[in-house]
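Input: a single structure, listed below in structure tokens.
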Amino acid sequence: MAEPPPLPPLVDHHCHGVVRRDLGLGSFEPYLTEAHAPAARGTTYFDTQTGFAVRRWCPPLLGLEPHCPPARYLARRRELGAYEATRLLLRGTGIGTFLVDTGLPGDLTEPAELAAAVGGSAREVVRLETLAEQVADTSGTAAAFVANLAEAVHTAAQAAVGFKSIAAYRYGLALTPEPPRPAEVGRAAEEWLAARAAGGRIHDPVLLRHLLWTAVATGLPLQLHTGFGDPDLRLDQADPTLLTDFIRAVGGLGTDLVLLHGYPYHRQAGYLASVFPHVYADVGLALTHTGARAATVLAETLELAPFGKVLFSTDAYGLPELYVVGARLFAEALQRLLTGWVEEGAWAAQDAARVAAMIAADNARRVYRLP
Amino acid sequence: MAEPPPLPPLVDHHCHGVVRRDLGLGSFEPYLTEAHAPAARGTTYFDTQTGFAVRRWCPPLLGLEPHCPPARYLARRRELGAYEATRLLLRGTGIGTFLVDTGLPGDLTEPAELAAAVGGSAREVVRLETLAEQVADTSGTAAAFVANLAEAVHTAAQAAVGFKSIAAYRYGLALTPEPPRPAEVGRAAEEWLAARAAGGRIHDPVLLRHLLWTAVATGLPLQLHTGFGDPDLRLDQADPTLLTDFIRAVGGLGTDLVLLHGYPYHRQAGYLASVFPHVYADVGLALTHTGARAATVLAETLELAPFGKVLFSTDAYGLPELYVVGARLFAEALQRLLTGWVEEGAWAAQDAARVAAMIAADNARRVYRLP
Amino acid sequence: MAEPPPLPPLVDHHCHGVVRRDLGLGSFEPYLTEAHAPAARGTTYFDTQTGFAVRRWCPPLLGLEPHCPPARYLARRRELGAYEATRLLLRGTGIGTFLVDTGLPGDLTEPAELAAAVGGSAREVVRLETLAEQVADTSGTAAAFVANLAEAVHTAAQAAVGFKSIAAYRYGLALTPEPPRPAEVGRAAEEWLAARAAGGRIHDPVLLRHLLWTAVATGLPLQLHTGFGDPDLRLDQADPTLLTDFIRAVGGLGTDLVLLHGYPYHRQAGYLASVFPHVYADVGLALTHTGARAATVLAETLELAPFGKVLFSTDAYGLPELYVVGARLFAEALQRLLTGWVEEGAWAAQDAARVAAMIAADNARRVYRLP
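Protein chains in written order, with full-length UniProt numbering: chain F, 1 to 371; chain H, 1 to 371; chain A, 1 to 371.
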């Protein structure tokens, strides 16, 4: 049997902080799902591909046998304490660099804490909608909002390695592709601010487009949520092909677009990455949520997408366990696929090793201009 | 090699009666396809995954070798007689409980006959559109129709274990999600009855929504046709994601929605089952029609859908052979997938056995409140 | 292990000419992708499934080891000269009959040259949009255009074996299904010709529908581009289910429709082929562009599509290498799938051999009425 291609320390180009406090069964389980509600009567979110993947990969990192019962695992986790358990788990991921979307609420670890846990590095990805909502909280007028937002994006671009948009959640991806005119933006901002309570979310499509184009102007890579996620979105409105006209409009400006997740439209994302030089496809979240099926889902992304356009991520959020399963499922799936293709003669071993390093780290280093 | 997880007697939560008369080549073949027309010149519906699956699994149950020619199989079937052949075939399915949609026309077996053939049990699922058309046949006015329909649904709910909607066929799933107002329903009923010949089908979207909401009010599980079927539907209008707003509107009312079939949008159905506690996903029909590919199609459903949300069915109709292939393909596919995952270490053997029983029977028992 | 089912000389029912001149790295690489632009900074189109498949299958036909570096391969190719390299490559495909879409621009080989290279035969498929644009170039008035077009289609039908439409590129497939009325066609022709520079493309949906219906009237098979292609199309507008109403409108007229490519909507194409007797599904292009994944993509097409409705093609264009990978990937994928199904007992060996011959050649012979 062929040797699996070796992997460098992973660059996780899209992830989030983890909770700092100790968790019990009831507070741990909700992080295993994208649902907002408790599991249906007679069911549990542990009985999912994600739940089984956590039980496969995580207990051994805390000194337990794989697939031990959730209650036993969580008892051990509390025994160690969240801090130590997080450290042990993160060290088992093989991740060296975290690009962290810091736009989620809650008492979550900072990028630097993730980096410290693995002796690696971390950089920030700024979520546009969160930034706009923060700016709105402190802007008295629409004009001030527009000016402050421009400044905030500009400032963010100095430190961050990229931006992220969740327009898929807030409106869907069937947005008018062109940048809105300033007068339109002003009017939309006025209406939004007038109707808005503090902390209110941004949903207006004109403002969402304004955010996208403001980010595009910085030249930093722009991550776009596509495909599945929590029930705030309508899945069919998150099909990445709906972005086609926006992708065309951005073409030639020098800004790269990274289509996150994509599932179950990840083949469509792969197509877009194949025909538009500035479009990239991510494999995060989908692998974590499909568990034993991760190799197939990854393989589907690797059909049309050029291998220089595919990026690893975990999209981990809340639980360090999701870093473990995201990274382990990815590494195992990639190595299994590539080893198989080498054994069949479809790929050369040298190419397999090169492509593995590209997807694991090199592509992200190039796109996000990391050292 | 790991032992395949054992299966309990199957609960087929969505199926239909079978024809009682003897069948020849020309009358057997049309049941192998969802098409309404004869096969194209030079082709036959026996040359399909379904046809090959019938030839694999059924001849041995009638004392012939697998894959014998169709003519030989049908000769043996006629020799035994339809009654005896049906009994032998149904006993080879492993099904113990049938939940029968009785809304299809033709001289088909009753639920009790299916139950008797296997020494098992059967319950009824009431097809809403058929019920409404029967009520329309005997209602003189729109007001009478509306009142009689309410009564008919209420009465049906006493005996049935669930309702079924084929709105996907009659209008598509992009229905306005909210229940229509009584005045709208009255007007729509008036227009429909005025234009209707006896037996005429219900297509009006207001009336279809009224049926859905009347069924939801009973609290019984509601099965919704999604995905492929016969050419009366437009496949893209049967994408289950089009139901998202209806699913949201039904949330919290205590009624479960079961998305039937789904293929080729079964991953989308799995997503909906993963984020909405009251949504379930079915694996019927798709397995029968994909034959040698059934394990992959089932695996795709088992990516996002929580294992407590997936239900076995055959959607068999007309031929007892379709019960055989639906059940055998399911059992073989499930056992192959789960055994593989156990051998890889992705799943624990004990979990595999538990999940197999859930999908084969336990989930349906819980959802349909069976003894 | 079971013997792979033998294949007859392949009928490639959809392909294009190849360039006659010698190619270097820079002129070869663009043919590996559907993109119009150079590969993104730091990437190359050789790092794709297509690129790896070319490097697997083609070097041995020119006397080199598989997977040798692109530069080495192209040096050898120039050493042999384009003419000799093309001959060696085409002879390695196993193709005996080429049905060539001659509607692409550039200095490409004629059908007869392809045939001569393999000692086989070739026939022409006429691209409707190219024909209409040629007619427009030489028609002074709208009335003349309409009359000349009718004559041109009629003449083409005498020699060609079929027509092809790229309406998916020019407008999308969500066309009004019925034939446009003559007055509409006249008005649309007038507007198009008035605005048109010589060589200008046809995009008007009325004229595109007129082309489709003019072709349907000849009774020859009509190939329709569906699914992925170059970035001139919007992928979601090329979903073959959008053709459903057109397919229904054509039903019963005696003209067959062949849905090309389909990916990533090839399961949808398989569905349409399963329920409409006059609809066929192609496996070309998708296999070439998915390389090591070709067996899975082919298997997905073979889920619902009756085996008498599936047709092999390469969709090769520009490079003889694309004939090699299209044909080799197809043959290997088909034989691997069928051998596997026979070994599992799902299919009989005799059926596998019969189905292999059907998809490789017999179905195309019947549909295109080849000797």
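Each residue gets a CB set at the ideal place from its N, CA and C atoms; glycine is no exception.
query	result
Under the rule that 16 or more other beta-carbon atoms within 10 Å means buried, what is H/ARG170, buried or exposed?	buried
Can you tell me which of H/GLY252, H/ALA292, H/GLY199 and H/LEU329 puts its alpha carbon nearest to the alpha carbon of A/GLY340?	H/ALA292
Kindly indicate which three-state DSSP category H/VAL283 falls into: helix, strand or coil?	coil
Taking 7 Å as the CB-CB cut-off, is F/THR43 touching chain H?	yes
Can you tell me whether DSSP reads A/PHE28 as helix, strand or coil?	helix
With a CB to CB cut of under 7 Å and the five nearest residues on each side skipped, what residues in its chain are close to A/ARG20?	ALA82, ASP107 and THR109
Going by DSSP, name the residue or residues bridged to H/THR97.	H/VAL11 and H/SER121
Locate the beta strand (DSSP E) running through H/GLN223, then write down its first and last residues.	222-226
I'd like to know whether the C-beta of F/GLU124 is nearer than 7 Å to at least one C-beta of chain H.	no
Can you look up H/HIS154 in the DSSP assignment and give me helix, strand or coil?	helix
Quick check: is the beta carbon of F/VAL275 nearer than 7 Å to any beta carbon in chain A?	yes
Determine the burial state of H/LEU257: buried for a count of at least 16 other Cβ atoms within 10 Å of its Cβ, exposed for fewer.	buried
Once the 5 residues before and after A/GLY186 are set aside, which same chain residues still bring their CB inside 6 Å of it?	ALA142
Counting only beta-carbon atoms, is A/PRO244 nearer than 7 Å to chain H?	The question names Pro, but residue 244 of chain A is Thr in the sequence shown. With 7 Å as the cut-off, A/THR244 counts as an interface residue toward chain H.
Just the C-alpha distance for H/ALA349 and H/VAL342, rounded to the nearest angstrom, thanks.	6 Å
Taking Cβ-Cβ distances shorter than 7 Å, what residues in chain F pair up with H/PRO177?	Under the 7 Å cutoff, chain F gives no residues; its nearest Cβ is about 11 Å from H/PRO177.
With a cut-off of 7 Å, does the C-beta of A/ASP236 fall near any C-beta of chain F?	yes
Run through chain F and tell me which residues come within less than 8 Å of H/HIS278, C-beta to C-beta.	ALA40
Count the other CB atoms, across all protein chains shown, that sit within 10 Å of the CB of F/ALA132; report buried if there are 16 or more and exposed otherwise.	buried
Please classify F/GLY162: does DSSP put it in a helix, a strand, or coil?	strand
With DSSP as the reference, please indicate the residues paired to F/VAL126 in a beta bridge.	F/PHE163
Which residues in chain A sit within 8 Å of F/GLY345, going by Cβ to Cβ distance?	ARG56 and PRO66
Closest Cβ-Cβ distance between F/THR48 and chain H: below 7 Å?	yes
Measuring CA to CA, which of F/ASP315, F/ASP47, F/ALA360 and F/HIS266 is closest to F/THR296?	F/HIS266
Measure the alpha-carbon distance for F/GLN237 versus A/ALA35 and round it to whole angstroms.	25 Å
What does F/GLN268 touch in chain A if you count any residue whose Cβ is under 7 Å from its own?	LEU235 and PRO264
Could you tell me the boundaries of the alpha helix (DSSP H) in which H/LEU259 lies?	Where H/LEU259 is concerned, there is no enclosing alpha helix (DSSP H), although the beta strand (DSSP E) it sits in stretches over 257-261.
Is F/LEU311 helix, strand or coil when you go by DSSP?	strand
Is DSSP giving H/GLY51 helix, strand or coil here?	helix
Is it buried or exposed, F/GLN158, if we count other Cβ atoms within 10 angstroms and call 16 or more buried?	exposed
When DSSP labels each residue in this structure, what does F/LEU108 get in the three-state scheme?	strand
DSSP state of A/GLY318, grouped into three classes?	strand
Given a limit of 9 Å on CB to CB distance, which residues of the stretch 286-314 of chain H reach chain F?	THR296, ALA299, GLU300, LEU302, GLU303, LEU304, ALA305, PRO306, PHE307, GLY308 and LYS309
Under 7 Å between the Cβ atoms of H/LEU259 and H/THR226?	yes
If you follow the alpha helix (DSSP H) that A/VAL355 is part of, which residue opens it and which one closes it?	349-357
Using only alpha-carbon positions, find the residue among F/HIS289, F/VAL135, F/PRO111 and F/LEU319 that is nearest to F/ILE202.	F/VAL135
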